[in-house]
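These protein sequence lines are chains A and B, in that order. Residue 274 in this note's numbering sits at position 274 of the first sequence, and the numbers go up by one each step. Offset between the second sequence (1-based) and this note's numbering: plus 1000.
There are 2 protein chains.
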Amino acid sequence: MQVIEEEPIRLTRTDDRIRDLLHLLHSLSDLQAAGSLLGWDQMTGGLPEGAGEVRAHQAATIKGLIHEQRTAARLGQLLDELEGVIEHSSFTNTDRGLVRWVRHDYEWATKLPRSLVEEMERASVISYQAWVRARATNDFASFAPHLQRTIAFQREVADHLGYQEHRYDALFDRGNPGMTSRDLERLFAPIRETSMSLLRRIQDSALGIETSFLTGNFAQEQQRALAEQLLGSIGYDFSRGGLALSPHPFTFMGLGAPQDVRLTIRSSDFLPSSMMAALHEGGHALYEQGGDKALVRTPLAHGTSSGFHESQSRLWENVIGRSEPFWHHHYQLVQQALPHPFQQISVQAFSRALNHVQASLIRVEADEVTYNLHIIIRFELEQALLDGTLAVESLPRLWKEKYRSYLGIEPESDANGVLQDVQWVSGFGSFPGLTLGNLYSAQIAHALRQQFADCDERLSRGETTFILTWLREHIHRFGSIYRANELLQHVSGEDANPQYLVTYLTEKFSRLYALL
Amino acid sequence: MQVIEEEPIRLTRTDDRIRDLLHLLHSLSDLQAAGSLLGWDQMTGGLPEGAGEVRAHQAATIKGLIHEQRTAARLGQLLDELEGVIEHSSFTNTDRGLVRWVRHDYEWATKLPRSLVEEMERASVISYQAWVRARATNDFASFAPHLQRTIAFQREVADHLGYQEHRYDALFDRGNPGMTSRDLERLFAPIRETSMSLLRRIQDSALGIETSFLTGNFAQEQQRALAEQLLGSIGYDFSRGGLALSPHPFTFMGLGAPQDVRLTIRSSDFLPSSMMAALHEGGHALYEQGGDKALVRTPLAHGTSSGFHESQSRLWENVIGRSEPFWHHHYQLVQQALPHPFQQISVQAFSRALNHVQASLIRVEADEVTYNLHIIIRFELEQALLDGTLAVESLPRLWKEKYRSYLGIEPESDANGVLQDVQWVSGFGSFPGLTLGNLYSAQIAHALRQQFADCDERLSRGETTFILTWLREHIHRFGSIYRANELLQHVSGEDANPQYLVTYLTEKFSRLYALL
Chain A
1 MQVIEEEPIR
11 LTRTDDRIRD
21 LLHLLHSLSD
31 LQAAGSLLGW
41 DQMTGGLPEG
51 AGEVRAHQAA
61 TIKGLIHEQR
71 TAARLGQLLD
81 ELEGVIEHSS
91 FTNTDRGLVR
101 WVRHDYEWAT
111 KLPRSLVEEM
121 ERASVISYQA
131 WVRARATNDF
141 ASFAPHLQRT
151 IAFQREVADH
161 LGYQEHRYDA
171 LFDRGNPGMT
181 SRDLERLFAP
191 IRETSMSLLR
201 RIQDSALGIE
211 TSFLTGNFAQ
221 EQQRALAEQL
231 LGSIGYDFSR
241 GGLALSPHPF
251 TFMGLGAPQD
261 VRLTIRSSDF
271 LPSSMMAALH
281 EGGHALYEQG
291 GDKALVRTPL
301 AHGTSSGFHE
311 SQSRLWENVI
321 GRSEPFWHHH
331 YQLVQQALPH
341 PFQQISVQAF
351 SRALNHVQAS
361 LIRVEADEVT
371 YNLHIIIRFE
381 LEQALLDGTL
391 AVESLPRLWK
401 EKYRSYLGIE
411 PESDANGVLQ
421 DVQWVSGFGS
431 FPGLTLGNLY
441 SAQIAHALRQ
451 QFADCDERLS
461 RGETTFILTW
471 LREHIHRFGS
481 IYRANELLQH
491 VSGEDANPQY
501 LVTYLTEKFS
511 RLYALL
Chain B
1001 MQVIEEEPIR
1011 LTRTDDRIRD
1021 LLHLLHSLSD
1031 LQAAGSLLGW
1041 DQMTGGLPEG
1051 AGEVRAHQAA
1061 TIKGLIHEQR
1071 TAARLGQLLD
1081 ELEGVIEHSS
1091 FTNTDRGLVR
1101 WVRHDYEWAT
1111 KLPRSLVEEM
1121 ERASVISYQA
1131 WVRARATNDF
1141 ASFAPHLQRT
1151 IAFQREVADH
1161 LGYQEHRYDA
1171 LFDRGNPGMT
1181 SRDLERLFAP
1191 IRETSMSLLR
1201 RIQDSALGIE
1211 TSFLTGNFAQ
1221 EQQRALAEQL
1231 LGSIGYDFSR
1241 GGLALSPHPF
1251 TFMGLGAPQD
1261 VRLTIRSSDF
1271 LPSSMMAALH
1281 EGGHALYEQG
1291 GDKALVRTPL
1301 AHGTSSGFHE
1311 SQSRLWENVI
1321 GRSEPFWHHH
1331 YQLVQQALPH
1341 PFQQISVQAF
1351 SRALNHVQAS
1361 LIRVEADEVT
1371 YNLHIIIRFE
1381 LEQALLDGTL
1391 AVESLPRLWK
1401 EKYRSYLGIE
1411 PESDANGVLQ
1421 DVQWVSGFGS
1431 FPGLTLGNLY
1441 SAQIAHALRQ
1451 QFADCDERLS
1461 RGETTFILTW
1471 LREHIHRFGS
1481 IYRANELLQH
1491 VSGEDANPQY
1501 LVTYLTEKFS
1511 RLYALL
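See the structure below:
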């Protein structure tokens, strides 16, 4: 474990090996940026409909070149050489972070046979098509063989990569280095209990929250303008980014961070789909824009793990963006953009509506209390499928049982149940990072409030710069020099601790729903 | 010289060497598409202003990888092998065109050191930004060092490539294989004489043409919609392309032709700046969209030379798009898009206005009579800068002198003078292709009229498909299997001949201005 020092962020470019390493990494970063731009172009409507096939070839070629560069023998040699000397005081923590990051990526890339990677890529395209059809026709059985094949691939991947205890650990380690499923189980247990208990108490309470005004025929241009104003207000730098519309909201982190970090939103009849997505993607984007300039064109320029990235999006979307103080100032933007109906709605009613809790079937539409239950269900099912203790054909039944048990409802169809997410088309291990992000966000927010006792008053006045400055100083500028647990120690003084999220949720929703 | 045969366009993929060659060329084409998309993104406003430097690196890396693939030893071996057997009847003309094209490109690329190519690419991105600023602030001095650097690079390039007589030949041969500056001088001499003489006679004539209605406060969205309608009407396929706004109109040919060919226009108070640019870029785009599908992801998918490309843009912009018959039908689109003032203007007055001749400062807005003088001035200045007979600091002065001498006017500012074109941001040798294009377009139009005696009547009825079909059949589908002179022989029965342009200009403008 690295301890974060207040030394400047600096790569020792005077060392030949570091310079050679950077030469390879710069090229890789540039190539990834070009690949990322292919995605941006497609997602934001630039790609003509008649160019799908030629674009698929282009993307595959770029992907192949990236794989070639990530697994270059010269990269392995440089890592071997540097690892022998990197602890020497002539190297910086930035150097050490770089070597550690590249080793992790190199192992991942070289341990998997290229034939397996290509076979999985091909299978995932077929699997995606099968999933689209299965969801449209509510026909899980037609998707089952593809899921079965994905599970077999994921086991093979884990076996190639190696693991201590569970195959799942090998998969999760990709996006969250050093974390195991045992860690996740321990961290998630109190969150599950609290969420279930809070949900029951809220369902039992007589208090209802009016939300109907959040749905309406809101013009796309108004939603876009509102999103731009909110993003500008929280400190998103448009001179190093851009906003576009796409079918799904997304932050493009690979275009050239911290100098080029773009995001998309979609407009919808349900206003939070654009407005809160802007704050969510904005949180991701602020993290990427905050990386130290010394890290540009290196893999360290990006956020350190999928969980930590999600902590930043959730901090801005939920902890700040669903708090009443934030809206005391910012609600005027909503009222100006959409005078009807919001001139008639009080800020209190508006911010309460954003926090309405309801057991529901669809993860991406869930509130803060139930969201983590959706994730934990998926995590538990992924583990069981990977271990073989759950057969694919029993998955829909168990999905329903778990929804019944955790959320008190169950889907009438698989389309609204086990077939709702795209993730299982290609693999396992991405869901837990989302709850980990919520956990981290509460712990970071606690540290923030320790530092700024007048946090809510400042938010009420429309100030957010003090938060961004603090995040940049303690988290963002480091990119991925340090790992999630190191950053968390640095910023909060302790390891990941679920009690902060438990306390945050309990206090917030007890107050909102007047629970005893 | 290849004679064009009516055999189908077909690559002999059953031959191992052709297949191996295509494997390399497909990868190269994909990489070039990714590089081209970087350009599209920058030109259409996607690239954030803070990302100029990182984008310069990305473009340089992609260019470097392209250079690596273009100069791969395996490519050279395959060319050597194929050249020994390619005349055999088991190969097609398409195969022969491919080998010839790749050999020309390979020679060009292998003669340039990679470091030079990368350095030039980086410099051109920086130079572009300097040019944008210099033009906005009318500050040639701030752009001069970048131009100086470009000239040094261009000399180095020519010296690496080798040439018989002039460095300029080496540069021009890149886009127009087989053509020298001596050829250009010979072809341009009668055009210069005719243009200067026509201009003087028009200036002396008493006849004035009213054009004031072409300038107005036309909404950008209306101009864009009109451009879209005109493009659709001449056969541009939006399902394999797209239209955007940019500071300089441009056709993106490298994105994945014929399946992805996008273009840009700019809007302006002077309607023809958008409307005629749409027809001009549309002509380029039709050429690229017309390539046979068998050529996709090969270099043969694109137009055969810069001059020949320009013949297609000029044919649609000028020969067709500035003819009265074309507007008999299409003027209704203008009147619908911009009722004020065009409901009050007759089609005859409108089409006459589009052909108003006036010595002016801006090349891209010049009429058909003066346009070639703008080009010839640039051609002469490029030759002098490259030879070193003209110093960069004297360029603005000589620019003014030549404008005074050829056109009888001179710019009051460099922004309207020497800083007006984007081309010198990156190199020399592109301008003469534009006048060559005018020359070819007149020759091709003559052949078209031989074929379709009722050409004008059909145009008057709004028909253009017969022209596009004829161009596709005789020119477009071949991509760059054949060279410009071969295509010209095929379509017109003779070599490049400036008399067609001389006759076209003389007849058209004598009639319009009632010259004796």
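Beta carbons: idealized from backbone N, C-alpha and C, even for Gly. Small disclaimer: the values here were computed from a predicted structure and weren't measured.
Using a cut-off of 9 Å between C-beta atoms, extract the partners of L1439(B) located in chain A. None at all; the shortest Cβ gap to chain A is about 33 Å.
Beta-carbon proximity check, W1327(B) vs G1283(B), cutoff 7 Å: Taking 7 Å as the Cβ cut-off, W1327(B) and G1283(B) do not qualify as a contacting pair.
Does the Cβ of D30(A) have 16 or more other Cβ atoms within 10 Å, making it buried, or fewer, making it exposed? The residue is buried, with at least 16 neighbouring Cβ atoms inside 10 Å.
For Q1069(B), would you say it is in contact with chain A, using Cβ-to-Cβ distances shorter than 7 Å as the test? Chain A contact via Cβ: absent.
From E210(A), R182(A), V132(A), Y163(A), residue whose alpha carbon lies closest to that of W108(A): Among E210(A), R182(A), V132(A), Y163(A), the Cα nearest to that of W108(A) is on Y163(A).
At a CB-CB cut-off below 9 Å, which residues of chain A make contact with L1373(B)? For L1373(B), none of the residues of chain A pass the 9 Å Cβ criterion, the least Cβ distance being about 38 Å.
Near S430(A), which residues of its chain fall below 6 Å by C-beta distance, leaving aside the five closest residues on each side in sequence? Excluding residues within five positions, the ones whose Cβ falls inside 6 Å are Q423.
Return the chain-ordered ranges of every beta strand (DSSP E) run that is complete within the region 315-357 of chain A and spans a minimum of 3 residues. For the region 315-357 of chain A, not a single whole beta strand (DSSP E) run of length 3 or above is found.
Excluding the 5 residues flanking H476(A) on each side, which residues of the same chain have their C-beta closer than 6 Å to its C-beta? Excluding sequence neighbours, H476(A) sits near Y287, G290.
What is the C-beta distance between G1235(B) and S1313(B), in whole angstroms, given that I count them as a contact (C-beta under 8 Å)? With a contact defined as Cβ atoms closer than 8 Å, G1235(B) and S1313(B) miss out at about 14 Å.
Going residue by residue through the region 198-253 of chain A, where are the continuous alpha helix (DSSP H) segments of at least 4 residues, counting only ones entirely within it? Fully enclosed alpha helix (DSSP H) runs of 4 or longer: 220-234.
What residue range is occupied by the uninterrupted beta strand (DSSP E) comprising T137(A)? Not the beta strand (DSSP E): T137(A) falls in the alpha helix (DSSP H), residues 114-137.
Check distances from the C-beta atoms of the region 1249-1273 of chain B to those of chain A and list, in chain order, the residues that come in under 7 Å. The residues in question are G1256, Q1259, D1260.
Going by other Cβ atoms of all chains shown within 10 Å of its Cβ, with 16 needed for buried, is E1412(B) buried or exposed? By the neighbour-count definition (other C-beta atoms within 10 Å, threshold 16), E1412(B) is an exposed residue.
Pick out whichever of F252(A), A141(A), Q220(A) has its Cα sitting closest to the Cα of Q32(A). Among F252(A), A141(A), Q220(A), the Cα nearest to that of Q32(A) belongs to F252(A).
Enumerate in chain order the residues of its own chain whose CB-to-CB distance from L79(A) is below 7 Å, with the five nearest sequence positions on each side excluded. So the qualifying residues of the chain are V99, V102, R103, Y106.
Three or more C-beta pairs closer than 8 Å, one from the region 175-187 of chain A and one from the region 318-336 of chain A: is that the case here? Because the criterion of three Cβ pairs below 8 Å is not met, the region 175-187 of chain A and the region 318-336 of chain A do not touch.
I need the boundaries of the alpha helix (DSSP H) containing T1150(B), first residue and last residue. Start and end: 1140-1161.
Kindly indicate which residue of S1268(B), A1257(B), Q1229(B), D1237(B) has the alpha-carbon position closest to the one of E53(A). Of S1268(B), A1257(B), Q1229(B), D1237(B), the residue nearest in Cα terms is A1257(B).
Would you say Q1521(B) lies against chain A (beta-carbon separation less than 7 Å)? Shown here, chain B extends from 1001 to 1516; a query on residue 1521(B) therefore has no answer.
Take the Cβ of M1(A) as the centre, count every other Cβ of all protein chains shown within 10 Å, and call the residue buried at 16 or more, exposed below. By the 10 Å Cβ count, M1(A) comes out exposed.
Excluding the 5 residues preceding and the 5 following F153(A) in the sequence, name in chain order all residues of the same chain whose CB lies nearer than 6 Å to its CB. The answer, listed in chain order, is M120.
Boundaries (first-last residue) of the alpha helix (DSSP H) holding I376(A): Counting along the chain, the alpha helix (DSSP H) containing I376(A) begins and ends at 368-387.
Using 7 Å as the threshold, is the C-beta distance between T435(A) and I377(A) below it? No, the pair does not count as a contact, with Cβ atoms beyond the cut-off.
By the DSSP assignment, the alpha helix (DSSP H) with T264(A) in it spans what residues? Careful: T264(A) lies outside any alpha helix (DSSP H), inside the beta strand (DSSP E) at 261-265.
Reference A1034(B), options V1157(B), V1502(B), L1065(B), closest by Cα: Nearest C-alpha to A1034(B): L1065(B).
If you reduce the DSSP assignment to three classes, tell me which class F1188(B) lands in. Helix, per DSSP.
Burial state of R240(A) (16 or more Cβ within 10 Å): So R240(A) counts as buried.
Per-residue contacts from I1191(B) into chain A (C-beta, under 7 Å): Simply none; closest approach about 38 Å.
If we call anything under 7 Å between Cβ atoms a contact, is N138(A) one with A384(A)? Contact flag unset, no.
What whole-angstrom Cβ distance do Q148(A) and V392(A) have, given they're in contact under 8 Å? Confirmed, Cβ separation roughly 5 Å.
Quick check on D1030(B) - is its C-beta less than 7 Å from some C-beta in chain A? Chain A, which has a Cβ nearer than 7 Å to the Cβ of D1030(B), makes this yes.
Can you give the Cα-Cα distance for L1243(B) and T1044(B), rounded to whole angstroms? Their backbone Cα atoms lie some 10 Å apart in a straight line.
I'd like the list of long-range same chain contacts for E55(A), defined as Cβ closer than 8 Å, with 5 residues on each side in sequence excluded. Per the sequence shown, the amino acid found at residue 55(A) is Arg instead of Glu. L38, Q42, L47, listed in sequence order.
Counting only the same chain and skipping the five closest in sequence on each side, list residues whose C-beta sits under 6 Å from that of V334(A). These residues qualify, in order along the chain: F342.
Which residue from S197(A), Q69(A), L161(A), I86(A) puts its Cα closest to that of G408(A)? Comparing Cα positions, the closest option is S197(A).
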